[in-house]
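Student: I am attaching a structure below and will ask some questions about it afterwards.
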Amino acid sequence: MADANQNTPAQRAAKILLPLALGLFFLASWEGLVALYDIKPFVLPAPSAIGAALVENWASLMVSAWATLRVTILAFVLALIGGVALAVLFTQSRLLELALFPYAVVLQVTPVVAIAPLILIWVGFDRVETALLILAWIVAFFPILSNTTLGLKSTDPNLRELFQLYGASRWQVLTRLQLPNATPYILAGMKISGGLALIGAVVAEFVAGSGAATGLAWRIVEAGNRLQIPKMFAALLLLSLLGVGIFFLLSWLEHLLLRRWHESAIDQNAR
Amino acid sequence: MGDAQSPLVTIDQAAKTFEGGVTAFENLSLTIDRGSFTSILGPSGCGKSTLLRAIANLTGVTSGSIGWKLEDNGHDSIGFVFQEPTLMPWATLQRNVSLPLELARLPAAAIAPKRDHMLALVDLSGFENAYPRELSGGMKMRASIARALITDPALLLLDEPFAALDEITREKLNDDLLAIWQRQACSVVFVTHSVYESVYLSERIIVLSERPARIVADISIDAPYPRTQEFRLSPQYADYCRQVSQALRSGISI
């Protein structure tokens, strides 16, 4: 196909080396400019200072990263289960969809920062992690629900008739036609939700505030209050890495599941 | 083939009007004999696909009736081939072909030999584990035919199955279809808008008018099977084509 020459080793190497080189150039300029203009670390720390802060606070930052990651993963998994289950219910009962969908939208469009204090009060400050989980779940849930609903509904009408012709049961239609058809949609929703679950966890931690929260977001607030800007950057870096890690993991899963049959994930090399 | 003269499908005074008020066909009576090869020919949008779907009981008729004399009068005895191959893109070829039997909850051990037989019949052995997107249009259509035949249906319905294919693939599949029909001893109802295709394939051609469709001609093609390229070049073939073509034109009001 047209991308036949996109797969030469040189092209593939360029795909990795180009951004890497740009990143290194950016970091070097950053380091140089900070030294050249003698910028104070509490305004903008040099990359080397951030690296040092990362090493110095490694243990506590890792504990925090794990706390944030745990909330993110749990919220994501619950959003996946809840979103798919509710979408399946919606396609089985039009009545249920009509009744419930508006509330799912309300939940989605209300800013999570605005509900966070309420949820915290309801759940109680002694169970902050549960509150964080609920908040991250609220943010992560909707993309899965709406994508899955779309995927379950957009089956080929001829295939539906074929299933009807052979007297397929509702269960067979669901498991052999609708769910496989929805798989690419669910995976796309998961990629959005994975990132959102992390954002939800971080925002909830910010709101939960002092003492109670132990995640990376709280490390950022804490370091900011103490003007430990390099440590703040170090926590920020870890958060970005978590987000990137989640995205790549889900992209890999998508590739694994769809590469044989779906246009979005066909191996470039197999063309 | 149709010598048995025992009716398989009896359409009696059938009419179909959609909710919007469009009438697909009306006052339509037709008997399809066991083992016959019948083409339904008509201009585009004349309601011939709707008629086919009504025969398969995928849609109801507004008045009149459509009766089957299938062995068990069930769905199992009808095979349907759509305009597009209509394969499940997420399933391998063998899973696609065995779908009707899987839906009937047959054990895998009972499905495997039938599936392999069907794949061999349509010349797709060796592609068991290929996904639809990896196959050509003609191969996908053959897989679709194999799927329709795997239940060993008494009646095979095809809705312009080769319309999207190139001429050479189309002629090849026409021959394949005739060979399969003679071997399987099923009845075939073949919807098409191609005069040449219908004359080449059929024992009998039902020509429909524009919508609302009614039968304008019922033409028997008295030429022996197996039909070959020689038949396509014969004066007899040309005569039939002219006759069918005239009938088709008589049903259009331009």
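So the sequences go chain by chain: Z and X.
Quick note: the first sequence uses the numbering used here, first residue 150, plus one each step.
Quick note: the second sequence uses the numbering used here, first residue 6, plus one each step.
A virtual CB, placed ideally from N, CA and C, is assigned to each residue, including glycine.
Just so we're clear, the structure is a prediction, and the values are computed from it rather than from any experiment.
1. Check whether the Cβ atoms of Lys145 (chain X) and Pro90 (chain X) lie closer than 7 Å to each other.
2. Please list, in chain order, the residues of the segment 120-152 of chain X that have any C-beta partner in chain Z closer than 7 Å.
3. Just how far apart, CA to CA, sit Pro168 (chain Z) and Ala162 (chain Z)?
4. Does any residue of chain Z bring its CB to less than 7 Å from the CB of Phe87 (chain X)?
5. Please tell me whether Leu284 (chain Z) and Val261 (chain Z) are closer than 7 Å, where the distance is taken between their beta carbons.
6. Could you say if the segment 196-213 of chain Z and the segment 314-334 of chain Z meet the contact criterion of at least three C-beta pairs nearer than 8 Å?
7. Determine which residues share a DSSP beta bridge with Ser303 (chain Z) and list them.
8. Terminal residues of the continuous beta strand (DSSP E) containing Gly200 (chain Z)?
9. Leu63 (chain X) versus chain Z: which residues are under 7 Å apart at the beta carbon?
10. Around the C-beta of Met211 (chain Z), are 16 or more other C-beta atoms found within 10 angstroms, so that it is buried, or is it exposed?
11. Considering Cα atoms alone, identify which of X:Leu63, X:Ile83, X:Arg237 and X:Ala148 is closest to Thr156 (chain X).
12. Counting Cβ pairs closer than 8 Å, one from the segment 177-197 of chain Z and one from the segment 295-304 of chain Z, do we hit at least three?
13. Where does Arg309 (chain Z) sit, in a helix, a strand or coil, going by DSSP?
14. Are the C-beta of Leu206 (chain X) and some C-beta of chain Z separated by less than 7 Å?
15. Please classify Ser207 (chain X) as buried or exposed, where buried requires at least 16 neighbouring CB atoms within 10 angstroms.
16. Along chain X, in chain order, which residues have C-beta atoms closer than 7 Å to that of Ala337 (chain Z)?
17. So Val212 (chain X) and Val204 (chain X) are in contact, right, with Cβ under 8 Å, and what is the actual spacing, rounded?
18. Whose C-beta lies closer than 7 Å to the C-beta of Ala159 (chain Z) among residues of the same chain, with five residues either side of it excluded?
19. For chain X, find out if any of its Cβ atoms is closer than 7 Å to the Cβ of Ala280 (chain Z); answer yes or no.
20. State whether the segment 397-413 of chain Z contacts the segment 245-253 of chain Z, with contact taken as three or more CB pairs (one from each stretch) at a distance under 8 Å.
21. Would you please verify whether the beta carbon of Leu108 (chain X) is less than 7 Å from any beta carbon of chain Z?
Tutor: This is what the structure gives:
1. Taking 7 Å as the Cβ cut-off, Lys145 (chain X) and Pro90 (chain X) qualify as a contacting pair.
2. Taking 7 Å as the cut-off between beta carbons, the residues of the segment 120-152 of chain X near chain Z are Tyr136 and Arg138, in sequence order.
3. Going from the Cα of Pro168 (chain Z) to the Cα of Ala162 (chain Z) covers about 11 Å.
4. Taking Cβ atoms only, chain Z reaches closer than 7 Å to Phe87 (chain X), which makes this a yes.
5. Their beta carbons are under 7 Å apart, which means Leu284 (chain Z) touches Val261 (chain Z) by this criterion.
6. The segment 196-213 of chain Z is not in contact with the segment 314-334 of chain Z.
7. Partner(s): none; Ser303 (chain Z) has no beta bridge.
8. First-last for Gly200 (chain Z): Pro196 to Glu205, but that is the alpha helix (DSSP H), not the beta strand (DSSP E).
9. By Cβ distance, chain Z contributes Glu310, Gln313 and Leu314.
10. Its Cβ having fewer than 16 others within 10 Å, Met211 (chain Z) is exposed.
11. It is X:Ile83.
12. Flag = no, the segment 177-197 of chain Z and the segment 295-304 of chain Z do not touch.
13. Residue state for Arg309 (chain Z) is assigned as helix, using DSSP reduced to three classes.
14. Chain Z, which has no Cβ nearer than 7 Å to the Cβ of Leu206 (chain X), makes this no.
15. Only buried fits Ser207 (chain X), as 16 or more other CB atoms lie within 10 angstroms of its CB.
16. Result: empty, since nearest Cβ-Cβ is about 15 Å, beyond 7 Å.
17. Not a contact, Cβ separation roughly 11 Å.
18. For Ala159 (chain Z), where only same-chain residues beyond five positions count, there are no Cβ hits under 7 Å.
19. For Ala280 (chain Z), no CB of chain X lies under 7 Å from its own CB, so it is not counted at the interface with that chain.
20. Two segments are said to touch when three or more pairs of C-beta atoms, one from each, lie closer than 8 Å; by this definition the segment 397-413 of chain Z does not touch the segment 245-253 of chain Z.
21. Yes, because at least one Cβ of chain Z sits closer than 7 Å to the Cβ of Leu108 (chain X).
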